[in-house]
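First residue of the sequence shown: 241, per my numbering; consecutive thereafter.
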Amino acid sequence: MLPSSKHRHWAPDGRVWLTSGIGNAPTWLLRAKKVIIELNHYHDPRVAELADIVIPGAPPRRNSVSIFHAMDRVGTRYVQIDPKKIVAVVETNLPDAGNMLDKQNPMCQQIADNVVTFLLQEMAHGRIPPEFLPLQSGVGNINNAVMARLGETRKFLRS
């Protein structure tokens, strides 16, 4: 018998509400043969209101994601999986472990410079439009260095 879903992190019909670090979890849940749910009571169930879960089609013919304003939503607040995949629910009450990022080092800075140079060259050759394209960034020393370098590069600044 699985624990109660009264905290709305999962439902018997296979809806799974994710909390932090959604990332590729929806795809993993859909592809998994078996799923173990972590029912973490530490997280307020309302955190799911922040989610907008979409699994886009495969490139190169996938549709664009039509988000134009901060409150736009194109997906759902949950991932729908086959409830037969849920084999266990583990209950916890723990905060997420955070990772401390290191200070920027020369390698991160060089990678950031290379990425910005590449993007500028692609724009110059017309493979990226002048108004640019949406970027998705993760978290980490290299990502932070790239985002900082993009922010410092006049070509990417908007008035």
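C-beta: ideal position from N, C-alpha, C; glycine also. Being a predicted model, the structure only gives us computed values, none of them experimental.
- Looking from the CA of Glu-278, the closest CA among Gln-344, Glu-331, Leu-375 belongs to Glu-331.
- One thing to note: Trp-257 has its Cβ no nearer than 8 Å to the Cβ of Ala-298.
- Ile-262 sits away from Val-327, with the two beta carbons spaced by 8 Å or more.
- Where Ala-352 is concerned, there is no enclosing beta strand (DSSP E), although the alpha helix (DSSP H) around it starts and stops at 346-364.
- With contact defined as three or more Cβ pairs closer than 8 Å, the region 356-366 and the region 378-385 are not in contact.
- For a cut-off of 8 Å, the C-beta gap from Val-319 to Ile-293 is around 6 Å, short enough to register as a contact.
- For Glu-371, DSSP assigns no beta-bridge partner whatsoever.
- Trp-268 carries a helical assignment under DSSP once its states are collapsed to helix, strand and coil.
- Comparing alpha carbon positions, the residue from Trp-268, Ser-306, Arg-317, Asp-312 closest to Ala-251 is Arg-317.
- With respect to the C-alpha of Tyr-282, the residue from Leu-290, Asp-253, Pro-335, Arg-302 having the closest C-alpha is Pro-335.
- Sequence-distant Cβ neighbours of Arg-255 in its own chain, meaning closer than 7 Å and more than five residues away, are Tyr-318, Gln-320.
- Closest option to Lys-395, judged by alpha-carbon separation, among Asn-384, Phe-372, Val-386, Ala-291: Phe-372.
- In the structure shown, the three-state DSSP call for Val-314 is coil.
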